[in-house]
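S.K.: A single structure is presented below for examination.
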C-alpha cells in the first residue's frame, strides 16, 4: 500500500518523547528523571471526586453536554480574573479574549498553525521546551535560538542585532513569533525578568505588530515560596505598545494532569478568531465536564489548597534531589542552580561529556538504572551537548535519592581521575 | 496591528455553526431543531458520578495522571473488542491499530491533515456532515460529491466513471480519500448497505492503496431497534483488498457528549504513526480521566444500559417530531423518510422553496420561533437548495411538537394556494 501523505504527514516521525517512553516500557526497573509528569501521590483523586459529587448535587446535567468551542464561560471568567490578579492589573482582562484548550499544548499548536507556514521562523530561548521544538519541526517551521547572556537571560542587545540582520536579509518576513517560557521554565527552571520581558516587547513593537509573542506560563503557579516578580506580557503591553500576545497556561499541570485543560488569552482579536476557527475544526471544544470540574475546583478553593500542597511537595523533592546530587556531582565538575519553582533541574556536565541519546554517558545512565532528557533536545541548534534535564516530578523523595545515586554513579565513570 | 497569517490562518472564517449559535444566543425564545446535541434530560449525571466514585474507591490515582498519546490501553482494548463483536469478525482486531481522540472530530482532522495538502480532493456523499465540509475548506481541501442514485445510495457506476475521469485528467493524484458516513448519517439518516460499501472498496482497491476510506460511524450505536445490517469497512477488507481505512466513532455522542472522547481504528500502520505524531504535537493525549470514566462505564455495563435508554428516547422523539410534521407538511409537498437511528430528519421542500440562511423561508422560520440547518450547507456544491436538516436531539417531546408546529406555520407561507 502506498498512501501519498501530505507535506505535513511526510514530516512526521517518531518523537523524542515516544523514544523515551519506549525505553521506559522496555525497562520498568529504570527510575525516571525524564518524564515531566506530576507525581501520583499528590494527585487529588478524593478531592476531585468530591467536586464530581458536588456537580451531581447541583443537578445541572448540562455539564455533560457539548460546550462552546471557545470554552465554558464561567471557567473563562474565573481564569481571566485570576490572571488579572496575578498581574496586579488595573485594567479589566476581557473574558472575550480568553479561551480553553486541550492542555496548553493545543494553544501553542493553534498559534503556530495560524501564524506559520512551512519555512517560517519562530525565535526560541536556549534552552527551550523540547516538545515545542518537535511541534515546529512537525509543522516545518524553523526554530532559531535567541542570543543569551552568560547568566542565562535573553541577550536583548544580541536580539536587536539578530532582528536587524533579519531585516537586512529579508528573513524578517519569515519571522512570525518569539516563544518565551517566562516562569520556572522547562527545562532551565529560570524565569524571565520584568526588564527582560519589557525589552523584548520593546524590540518587537518596532515591527508594527507583525511579530507575535507566545508567552508560555505553564509553571507560573508552581513557585515554591513567592510568585516570580513579573507580570505577564499582557500587563506590560500598555507601556510596550502593539505586540500581539498569546498567553498560555494550564489548569491541570498544577492540579490533575489527567484532566488536560489549558487556558489562553490573546490580545489580538483577529488572531484569536482564526485560532478558534481551527479549534472548531479540530475538536469543536474541550471536554465540557472537565471544565465544569475545574470551575468548581476554583470556586470552592480546592484548586488553591491543592496548589499549596504541590508547591511544598515539589520544593521538598527539588531539595532532596539537588542535595543528593550536590554531594557528588559538584566535585566532578557539574553545575546547576536550584530553581524557585517548577519541576526541573538543568545540569551542565563538564566540558567534553556528551549526554545525547547515542552517547556513552546516556548508555551508562541507563545501565545504572536512571533515565533523563538529553539537554541537546532542548536546543534549537542541537547543542551544547553537555546538558541534562532532570525532573523531580514523578518520583517520591526516597526514589529521588536512589535515582540521584544512580545518576552520580554514571557520572563517576566520566570524571577524569584527579591526582592530588 | 498587521499580523501576517499563515495560508491556513488566512483560510479561517466564522463557521456556520458559530453563525447558528450567535442566532441562538440572540434569540433564546427560539426552539432549536438545528443543534445536533443530545438532550440534557437523558445525560447520565448520577450514573457517571457513580463511576467517578468507583474510581476513587479503587484508589488508582494514575487516572488523574497524564496518559499515553495513543490512548488508555484498557479503553482501546475494550473498544477494539466491541468493534470486533459489532462486525461479527473472526479475526482479532489489533489494539495497536486503535487510538483515542478528542471526539471523533479530531480523528477526521488528523486523517485529513496527514493525507491532504491544500488543493487536494476528498470525495463526499451528498448530503454529508457539514462540519466536515468546513474542516476541508479550512484546510484548503476540495470536497467533491460522489454521484448518487435516485434512492440516495452512492451510485457506484457513476463513481467508477468519476474515478476514470480523474485518472484521465490527472486529478487522481490529488484525490486522497473518500469520506463515508455509513450508519444513520448526519444529516440524511441513511446507512450505507453492505453491497454499496463493498462496491466502493472494490473501486478504491484499483488504485493500489493510494486512496483511503474514512468511515465515520459516529451514530452506529444509536439505532432504534436493530443494528444496521452491515459490518464496517475494516471487516470487508479481506474480500476487498488493500484499501487504507480509518474507522472513526465516538464514545460520548451515545453517552455523555461533555466527555468528548472519540475512538479510531486505522488499518494502515504508517498512516496511523503519522496521525499519532501530529496528535502528540496537538495535545499529547486525550484527557486520561475521561478515558478511565468511559472504560469503567463500559466494564460495568452502564454504557450499554444507557444506550438502551437513549435508543428508546430518540426513537420516541423522532416519531413525535415526524408525526406532527406529517399532519401538515406532506400535503404541502414536503417529503422525508423516517430513519432507523440517529438524530436527524432530512426534509425535501417543494421545488422552488429555498431554505438557505439568507432565504425568505429561513427568515420566516426564525420569525415563527424555530431554528434548523439549511440543507445546502451539507452539500459540497452548495445545492440542492430546498433541503432542511431537523435534529430531534436537544428538545423534549412536547417542545418538539411545538417546534414542529412553528416549522409548519413557516412552511405554510411558502405553499402555493390550491384551488379545489
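Residue numbers (the numbering used here), protein chains in the order written: chain A, 554 to 973; chain B, 554 to 973.
In this text, a Cβ means the ideal position worked out from N, Cα and C, and glycines have one as well.
The structure presented is a predicted model; accordingly, all values stated were derived computationally and were not measured.
Flag residue 797(A) as yes if its beta-carbon sits less than 8 angstroms from any beta-carbon of chain B, otherwise no.
M.R.: Yes, contact with chain B.
S.K.: Where residue 601(B) and residue 936(B) are concerned, what is the direct C-alpha to C-alpha distance, given to the nearest angstrom?
M.R.: One C-alpha to the other measures close to 42 angstroms.
S.K.: By Cβ distance below 7 angstroms, which residues in the same chain neighbour residue 627(B) in space, the five residues on each side in sequence not counted?
M.R.: Cβ within range, chain order: 848.
S.K.: Taking a Cβ distance cut-off of 8 angstroms, strictly less, list which residues of the stretch 804–817 of chain B are near chain A, in chain order.
M.R.: Under the 8 angstroms Cβ criterion, the stretch 804–817 of chain B contributes 809, 810, 811, 812, 813, 814.
S.K.: Against residue 849(B), what residues of chain A qualify as contacts under a CB-to-CB distance less than 8 angstroms, listed in chain order?
M.R.: Going along chain A, no residue has its Cβ under 8 angstroms from residue 849(B), so there is no contact; the nearest lies around 13 angstroms.
S.K.: List the DSSP bridge partners of residue 816(A).
M.R.: Answer is 653(A), 802(A).
S.K.: For residue 858(A), go through chain B and note every residue whose CB falls closer than 8 angstroms to its CB, in chain order.
M.R.: What residue 858(A) touches in chain B: nothing, since even the nearest Cβ is about 16 angstroms away.
S.K.: Say whether the stretch 744–756 of chain B touches the stretch 780–787 of chain B, bearing in mind that this needs 3 or more beta-carbon pairs closer than 8 angstroms, one atom from each stretch.
M.R.: The answer is yes - the stretch 780–787 of chain B touches the stretch 744–756 of chain B, with three or more Cβ pairs under 8 angstroms.
S.K.: Per DSSP, residue 697(B) is paired with what?
M.R.: In DSSP, residue 697(B) forms a bridge with 676(B).
S.K.: Which same chain residues, not among the five before or five after residue 570(A), have their C-beta less than 7 angstroms away from its C-beta?
M.R.: The answer, listed in chain order, is 684.
S.K.: Could you check the C-alpha separation between residue 796(B) and residue 875(B) for me, to the nearest Å?
M.R.: For residue 796(B) and residue 875(B), the distance between alpha carbons rounds to 39 angstroms.
S.K.: With three or more C-beta pairs closer than 8 angstroms as the rule, is the stretch 613–622 of chain B touching the stretch 951–964 of chain B?
M.R.: Short answer: they don't touch.
S.K.: Of all Cβ atoms in chain A, is any one closer than 8 angstroms to the Cβ of residue 830(B)?
M.R.: By this cut-off, residue 830(B) is an interface position.
S.K.: Indicate whether residue 774(A) and residue 599(B) have their beta-carbon atoms separated by less than 8 angstroms.
M.R.: No. Outside cutoff.
S.K.: Give the interface partners of residue 825(B) over in chain A, defined as CB-CB distance under 7 angstroms, in chain order.
M.R.: Residues of chain A passing the Cβ test: none, with the nearest at roughly 11 angstroms.
S.K.: Under 9 angstroms, CB to CB, which of the residues in the stretch 561–588 of chain A have a partner in chain B?
M.R.: Those would be 561, 562, 563, 564, 565, 566, 567, 568, 570, 571, 574, 588, in chain order.
S.K.: Comparing the C-beta of residue 662(B) with each C-beta of chain A, is any distance below 8 angstroms?
M.R.: True, the Cβ-Cβ gap to chain A drops below 8 angstroms.
S.K.: Could you please give me the residues that DSSP links to residue 824(B) through a beta bridge?
M.R.: The partner list for residue 824(B) (beta bridge, DSSP) is empty, contrary to what the question assumes.
S.K.: Counting only the same chain and skipping the five closest in sequence on each side, list residues whose C-beta sits under 7 angstroms from that of residue 862(A).
M.R.: Answer for residue 862(A): 595, listed in chain order.
S.K.: Closer than 7 angstroms by beta-carbon distance: list the chain A residues that pair up with residue 669(B), in chain order.
M.R.: In chain order: 559.
S.K.: Between the stretch 857–871 of chain B and the stretch 691–708 of chain B, can you find at least three pairs of beta-carbon atoms closer than 8 angstroms?
M.R.: Segments in contact, no.
S.K.: Consider the Cβ of residue 556(A): report whether some Cβ of chain B lies at a distance smaller than 8 angstroms.
M.R.: Yes, contact with chain B.
S.K.: For chain A, find out if any of its Cβ atoms is closer than 8 angstroms to the Cβ of residue 765(B); answer yes or no.
M.R.: Cβ-Cβ to chain A under 8 angstroms: yes for residue 765(B).
S.K.: Which residues in the same chain have their Cβ closer than 7 angstroms to the Cβ of residue 605(A), if we skip the five residues on either side of it in sequence?
M.R.: So the list reads 846, once near-sequence residues are dropped.
S.K.: For residue 734(A), list the residues DSSP reports as bridge partners.
M.R.: Answer by DSSP bridge pairing, in chain order: 769(A).
S.K.: From residue 614(A) to residue 751(B), what distance separates their C-alpha atoms?
M.R.: Going by the C-alpha atoms only, they are around 41 angstroms apart.
S.K.: Give the range of the beta strand (DSSP E) segment to which residue 940(A) is assigned.
M.R.: Segment 940–944, the beta strand (DSSP E) holding residue 940(A).
S.K.: Taking the C-alpha atoms as reference points, what is the distance between residue 712(B) and residue 771(A)?
M.R.: The alpha-carbon atoms of residue 712(B) and residue 771(A) are separated by roughly 50 angstroms.
S.K.: Between residue 932(B) and chain A, is there a C-beta pair that is closer than 8 angstroms?
M.R.: Not one chain A Cβ lies under 8 angstroms of residue 932(B).
S.K.: Looking only at its chain, what residues have a beta carbon closer than 8 angstroms to the beta carbon of residue 965(B), apart from the 5 residues adjacent to it on each side?
M.R.: Correct list, in chain order: 881, 885.
S.K.: Evaluate residue 648(B) with the Cβ neighbour count: other Cβ atoms within 10 Å of its Cβ, from every protein chain shown; 16 or more gives buried, anything less gives exposed.
M.R.: That one is buried.
S.K.: Which value, in whole angstroms, describes the spacing of the CA atoms of residue 842(B) and residue 803(A)?
M.R.: Approximately 16 angstroms between the Cα atoms of the pair.
S.K.: Would you call residue 560(B) buried or exposed, if buried means 16 or more other Cβ atoms sit within 10 Å of its Cβ?
M.R.: The residue is exposed, with fewer than 16 neighbouring Cβ atoms inside 10 Å.
S.K.: So, with DSSP's three-state summary, where would you put residue 566(B)?
M.R.: Note: residue 566(B) maps to coil in three-state DSSP.
S.K.: Which residues does DSSP pair with residue 968(B) in a beta bridge?
M.R.: According to DSSP, which records beta bridges pairwise, residue 968(B) is partnered with nothing at all.
S.K.: One question on the structure: do residue 873(A) and residue 820(A) come within less than 8 angstroms of each other, judged by their Cβ atoms?
M.R.: For residue 873(A) and residue 820(A), no; Cβs fall outside 8 angstroms.
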